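Q: One structure follows; several queries about it will come next.
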Amino acid sequence: MATYAIGDIQGCREHLERLLESIRFDPAKDIIWFVGDLVNRGPDSLGVLRLVRNQLRERAICVIGNHDIHLMSVWSGHGRLKSSDTLRAILNADDADDLIDWLRHRPVMHLDEELGYAMTHAGVPPVWSVAEAQLRALELEEALRGGIAFEDLMDNIYGNLPTQWSDELTGYDRLRYITNAFTRMRFTDSSGRLLLRFKGSPNDAPKDHIPWFITRQRLRSRRDPIKLLTGHWSRLGLHNEAGLISIDTGCLWGASLTAVRLDDGSEQITRVDCSNLAG
């Protein structure tokens, strides 16, 4: 049995199918981890959801990304479609309710201690251990699955504040920070405060801000033995060091879609070219 993780697909169904062929995925025994953002901006978001939910089924482990949450928000009536969105086919589909209910029940974080990896979409903020992140992920998962009226949750989940974690945070402020940390984070300041408005490359970081995983390395006196696996940051690209492997390699932008093998210790990389999406 092989276990692979695949980077942000964002509606690029054809490239996902090609990548599954390239790694010789065996649906009878292999497992695929998806780092989130199954949907949006690519040409066939509906096809990606149906492939993962209806064909891969229990062989697929998916965490929730920011574009997945955006789809939930639009479906609930609180979010608005943007000019760059390609979600309308999902919203108009006969099985839309079933697909979004399935998406709502995906984890925010997936931990496999035996393999030694924890997967989230954007990362784990420097102020949390992996164990603490698990607890925070469960809070958001419970809310998404109906612990709070879904329409109210979607009406209050967006925004850039608060930027600093505190155990004293409550209500929507608490859930909003958790959501942003797991699905939107890229940069922090030296204390771990989130900077959410900037989406560029690490080389273009605003003054006094650095990638979250560098802050994490500096602030934590003990390195967690679990390696973090993320996507979300195409401008970072493939990155494998300091307890992190990030695999959003910009399929949507005409670069590549990446798979990494997790089960055998090799972290072997397989890519498919996505240049036909450029422009």
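full-length UniProt numbering puts the first residue of the sequence shown at 1, with every later residue one more than the last. Using N, Cα and C, we set each Cβ at its ideal position, and we do this for glycine too. Quantities reported herein were computed from a predicted structural model and do not represent experimental measurements.
1. Between the Cα of L236 and the Cα atoms of E141, G123 and D208, which residue gives the shortest distance?
2. Determine the DSSP secondary structure at H110, reduced to helix, strand or coil.
3. Please return the same chain residues whose Cβ sits closer than 6 angstroms to the Cβ of H110, not counting the five positions on each side in sequence.
4. Decide if residue 308 is buried, meaning its Cβ has at least 16 other Cβ atoms within 10 Å, or exposed.
5. Across the region 189-209 and the region 168-175, are there enough close Cβ pairs to call them in contact, namely three or more that are closer than 8 angstroms?
6. Could you give the distance in angstroms between the alpha-carbon of Q217 and the alpha-carbon of R223?
7. Is N180 buried or exposed, if buried means 16 or more other CB atoms sit within 10 Å of its CB?
8. Looking at D248: is its Cβ nearer than 7 angstroms to the Cβ of D8?
9. In whole angstroms, give me the CA-to-CA distance for D167 and E132.
10. I believe A89 touches S45 by the beta-carbon criterion, under 8 angstroms. Please report the beta-carbon distance rounded to the nearest angstrom.
11. Just the C-alpha distance for E17 and Q10, rounded to the nearest angstrom, thanks.
12. Grab me the residues of L87's own chain with a C-beta within less than 7 angstroms of its C-beta, minus the 5 sequence neighbours each way, in chain order.
13. On the criterion of 16 or more Cβ atoms from any shown chain inside 10 Å, does L140 qualify as buried, or is it exposed?
14. In whole angstroms, give me the CA-to-CA distance for S76 and I69.
15. Verify whether the separation of the beta carbon atoms of K227 and G116 is less than 7 angstroms.
16. For H105, does the count of other Cβ atoms within 10 angstroms reach 16, so buried, or fall short, so exposed?
17. Classify G36 as buried or exposed, calling it buried when 16 or more other Cβ atoms lie within 10 Å of its own Cβ.
18. I believe G192 touches L219 by the beta-carbon criterion, under 8 angstroms. Please report the beta-carbon distance rounded to the nearest angstrom.
19. Whose C-alpha, out of M1, W102, A149 and S84, is nearest the C-alpha of H78?
20. Near L244, what residues of its chain come up, given a Cβ to Cβ distance below 6 angstroms and the 5 sequence neighbours on each side ignored?
21. Along the chain, which unbroken stretches of the alpha helix (DSSP H) at least 4 residues long are found entirely within the region 169-245?
22. With a CB to CB cut of under 6 angstroms and the five nearest residues on each side skipped, what residues in its chain are close to L252?
23. Which residue from L56, E114, L257 and R184 puts its Cα closest to that of Y158?
24. Just to confirm the assignment, what range does the beta strand (DSSP E) spanning D8 have?
25. How many whole angstroms separate the CB atoms of R186 and W233, which I take to be in contact at a CB cut-off of 8 angstroms?
26. Return the chain-ordered list of same chain residues with a C-beta closer than 8 angstroms to the C-beta of S201, the five sequence neighbours on each side being excluded.
27. If I follow the unbroken alpha helix (DSSP H) through R261, where does it start and stop?
28. Assuming G65 and H121 form a contact by the criterion Cβ under 8 angstroms, report the distance between their Cβ atoms to the nearest whole angstrom.
A: In terms of the structure at hand:
1. Out of E141, G123 and D208, the CA that lies nearest to the CA of L236 is found in G123.
2. Strand at H110.
3. Same-chain partners within the cutoff: I61, V63 and M119.
4. Here the chain has residues from 1 to 279 only, and residue 308 is not among them.
5. Flag = no, the region 189-209 and the region 168-175 do not touch.
6. Distance between the alpha carbons of Q217 and R223: 7 angstroms.
7. Under a 10 Å Cβ-count criterion, N180 is classified as buried, with 16 or more other Cβ atoms of the shown protein chains found around its own Cβ.
8. Between D248 and D8, the CB-CB gap stays under 7 angstroms.
9. Taken atom to atom, the span from the alpha-carbon of D167 to that of E132 is near 11 angstroms.
10. Sure, about 7 angstroms apart at Cβ, within 8 angstroms.
11. Computed Cα separation, rounded: 13 angstroms.
12. Result list for L87: V39, N40, S45, L71, V74 and L81, in chain order.
13. Burial call: buried.
14. Distance between S76 and I69, taken at the CA atoms: about 10 angstroms.
15. The answer is yes: Cβ separation under 7 angstroms.
16. H105 sits exposed, since fewer than 16 C-beta atoms from the chains shown fall within 10 Å of its C-beta.
17. Buried.
18. About 6 angstroms; that satisfies the 8 angstroms criterion.
19. Selected option, being the one with the closest Cα: A149.
20. The answer, listed in chain order, is F213 and L228.
21. Given a length threshold of 4 residues, each whole run of the alpha helix (DSSP H) inside the region 169-245 is given here in chain order: 171-183 and 212-219.
22. Closer than 6 angstroms at Cβ, skipping near neighbours: Q10, R41 and G42.
23. Selection L56, E114, L257 and R184 evaluated against Y158 yields R184 as nearest (Cα-Cα).
24. It is not in any beta strand (DSSP E) - D8 carries neither H nor E in the DSSP assignment.
25. In this structure R186 touches W233 by the C-beta definition: roughly 6 angstroms separates them, less than 8 angstroms.
26. If you ignore the 5 residues before and after S201, its C-beta comes within less than 8 angstroms of the C-beta of R235 and L236, all in its own chain and listed in chain order.
27. Counted as a single uninterrupted DSSP element, the stretch harbouring R261 is not any alpha helix (DSSP H) but the beta strand (DSSP E) occupying residues S256 to R261.
28. Cβ atoms of G65 and H121 come within 8 angstroms of each other, at about 4 angstroms.
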